[in-house]
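Protein chains in written order, with numbering that gives the first Met the number 0: chain A, 0 to 228; chain B, 0 to 112. Data block below; observations after.
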Amino acid sequence: MIADYLKELEGALAFDPALASRVVTEARDHLANATAEDRIADRDEAERRAVARFGDPRELAAQFAAISLARQARRVGVVIVLAIVTVLAMMKARVAWYAVVEWTMAEDARAVAGVVLTINRYAFWIAIVIGIGALLHTARQSAPPRVHAGYRRHLRRAALLFSGAAAALAVSVTGDLILTALRVGTKLSAAAVVPLASMSVEVASIAIVIFMIANASRRMMRMAPSFAD
Amino acid sequence: MEGEMLKGHLDMIVLAALSAGPAHGYAVIEEIRRRTGKAFDLPEGTIYPALHRLQQAGLLSSRWVTAETGRRRRVYALTRSGTRALADQRAVWRQFSDAIHALLDGNRPGKPA
Numbered sequence: 000m001i002a003d004y005l006k007e008l009e010g011a012l013a014f015d016p017a018l019a020s021r022v023v024t025e026a027r028d029h030l031a032n033a034t035a036e037d038r039i040a041d042r043d044e045a046e047r048r049a050v051a052r053f054g055d056p057r058e059l060a061a062q063f064a065a066i067s068l069a070r071q072a073r074r075v076g077v078v079i080v081l082a083i084v085t086v087l088a089m090m091k092a093r094v095a096w097y098a099v100v101e102w103t104m105a106e107d108a109r110a111v112a113g114v115v116l117t118i119n120r121y122a123f124w125i126a127i128v129i130g131i132g133a134l135l136h137t138a139r140q141s142a143p144p145r146v147h148a149g150y151r152r153h154l155r156r157a158a159l160l161f162s163g164a165a166a167a168l169a170v171s172v173t174g175d176l177i178l179t180a181l182r183v184g185t186k187l188s189a190a191a192v193v194p195l196a197s198m199s200v201e202v203a204s205i206a207i208v209i210f211m212i213a214n215a216s217r218r219m220m221r222m223a224p225s226f227a228d
Numbered sequence: 000m001e002g003e004m005l006k007g008h009l010d011m012i013v014l015a016a017l018s019a020g021p022a023h024g025y026a027v028i029e030e031i032r033r034r035t036g037k038a039f040d041l042p043e044g045t046i047y048p049a050l051h052r053l054q055q056a057g058l059l060s061s062r063w064v065t066a067e068t069g070r071r072r073r074v075y076a077l078t079r080s081g082t083r084a085l086a087d088q089r090a091v092w093r094q095f096s097d098a099i100h101a102l103l104d105g106n107r108p109g110k111p112a
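Okay, here's the thing in structure tokens:
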């Protein structure tokens with residue numbers, strides 16, 4: 000009886016496997032305690048009563064959905080801000096390296112580089128502003144007992160802010176790629192290792208952000224059946 | 000007591016139960032039953048979303064322990080923020096409760112006894 004119930008509970012929480020594992024472990028301990036403390040002689044009946052008192056797995060999953068979504072949203076917000084800081088650090092490292100090795104831009108590439116640099120700067124600042132806004136937005140509201148209509152709106156706004164910050168950061172990283180390509184060109188040397196490595200880190204950062212946003216959206220879709228108030 | 004009425008105050012109830020000391024979910028339920036004379040009748044599983052939510056809000060901390068039976072269980076404890084939140088909620092509740100008592104008993108100032 001308890002094993003079947005825990006399986007059902009785990010299935011209802013499939014939208015968040017880590018949460019499901021934790022909740023099932025807690026529920027297993029709870030139900031074992033409740034069964035042990037029931038004075039009825041029939042153990043099957045004791046298990047049945049313990050399970051009945053614990054409640055409907057789908058109802059519990061609906062309550063956990065809000066907690067899972069809030070955690071996911073905060074995690075994405077933190078990752079976006081970390082990605083922005085990483086991209087900034089890589090930009091600064093590259094600029095410092097160019098100064099050390101006295102690597103200047105070719106004369107014929109300077110006009111294009113100027114335009115790209117302007118777009119890059121604006122995109123980066125937009126990413127900072129929207130990214131911090133997204134983080135504050137997600138921190139502002141704690142998880143409600145259930146995913147009600149107001150919380151759904153809150154999450155939609157968060158998703159919009161995450162996407163905006165990620166898009167601006169992607170533009171900035173693309174600008175960095177163009178600027179690095181203009182500077183390094185086709186002459187790959189030992190000195191090019193630092194710019195290429197720093198660009199790899201930037202591309203990996205934005206890829207992680209996009210992956211997390213896509214993953215969060217997919218999870219939100221999977222949780223839709225549990226959303227009903 | 001009505002389930003819906005309880006749900007609105009579940010966070011405060013859980014915080015109050017944990018003010019006695021760290022406890023796992025089942026012990027929290029037992030503490031609530033003991034202190035209220037079994038007046039509250041909620042599905043027991045409802046306590047777990049509340050515990051997770053309060054931990055997410057920074058009002059509770061938790062850690063895994065292994066019970067004598069060998070089963071793993073999560074033990075929850077109030078954080079400093081949780082203790083402060085409970086004190087705040089207790090004050091608000093007392094004020095609200097006094098006002099409702101006064102209203103129901105007809106003890107408003109100026110009203111003849």
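All residues carry an ideal CB built from backbone N, CA and C; glycine is no exception.
When burial is assigned at 16 or more other CB atoms within 10 Å of the CB, is THR68/B buried or exposed? Counting C-beta atoms within 10 angstroms of its own C-beta, THR68/B has fewer than 16 neighbours from the protein chains shown and is therefore classed as exposed.
#### Entry: For ALA22/B, the residue or residues it bridges with in DSSP
ALA22/B is bridged to TYR75/B.
Q. Around the C-beta of VAL200/A, are 16 or more other C-beta atoms found within 10 angstroms, so that it is buried, or is it exposed?
A. Around the C-beta of VAL200/A, fewer than 16 other C-beta atoms lie within 10 Å, and the residue is accordingly described as exposed.
Q) In chain order, what residues of the same chain have a beta carbon less than 7 angstroms from the beta carbon of ALA203/A, not counting five sequence neighbours either side? A) Non-local C-beta neighbours of ALA203/A in its own chain, meaning closer than 7 angstroms and more than five positions away in sequence, are absent.
Practice prompt. Note down, in chain order, every chain B residue with its Cβ under 9 angstroms from the Cβ of LEU59/A.
Written response: Among the residues of chain B, those whose CB is under 9 angstroms from the CB of LEU59/A are PRO42, GLY44, THR45, TYR47, PRO48, following chain order.
### Query
Would you say ILE31/B faces chain A, with C-beta separation under 9 angstroms as the test?
Chain A contact via Cβ: absent.
Which full runs of the alpha helix (DSSP H) of 4+ residues lie inside the segment 24-102 of chain A, going along the chain? Within the segment 24-102 of chain A, the complete alpha helix (DSSP H) runs of at least 4 residues are 42-53, 56-99.
(message) Relative to the C-alpha of ASP175/A, which candidate in MET222/A, ALA138/A, ALA112/A has its C-alpha closest?
(response) If you compare the alpha carbons of MET222/A, ALA138/A, ALA112/A with that of ASP175/A, the shortest gap goes to ALA112/A.
Nearest by alpha-carbon distance to ARG182/A: which of ARG151/A, GLY149/A, ALA110/A is it? Comparing alpha-carbon positions, the option among ARG151/A, GLY149/A, ALA110/A lying closest to ARG182/A turns out to be ALA110/A.
Do LEU50/B and ARG72/B come within 9 angstroms of each other at the CB atom, strictly closer than that value? Against a cut-off of 9 angstroms, the Cβ pair of LEU50/B and ARG72/B comes out as no contact.
- LEU178/A and VAL115/A: beta carbons closer than 9 angstroms? Yes. Within cutoff.
query: Which class does LEU168/A belong to by DSSP, given the choice of helix, strand or coil?
result: Note: LEU168/A maps to helix in three-state DSSP.
TODO: Could you have a look at ASN214/A and say whether DSSP puts it in helix, strand or coil?
DONE: Looking at ASN214/A - three-state DSSP - the assignment turns out to be helix.
>> Quick check: the Cα distance between ASP43/A and MET0/A, rounded to an integer number of angstroms?
In response: Going from the Cα of ASP43/A to the Cα of MET0/A covers about 7 angstroms.
Checklist entry - What does a CB cutoff of less than 7 angstroms around LEU102/B pick up in its chain, not counting 5 residues either side in sequence? => result The beta carbon of LEU102/B sits closer than 7 angstroms to none of the beta carbons in its chain outside the five residues before and after it.
* Is it a yes or a no for the segment 24-32 of chain B touching the segment 21-39 of chain A, going by three-plus beta-carbon pairs under 8 angstroms? -> Contact holds between the segment 24-32 of chain B and the segment 21-39 of chain A, because three or more Cβ pairs, one in each stretch, are under 8 angstroms apart.
- Task: Tell me, please, whether the CB atom of PHE14/A is closer than 9 angstroms to any CB atom in chain B?
- Result: Answer no: the Cβ-Cβ gap between PHE14/A and chain B never drops below 9 angstroms.
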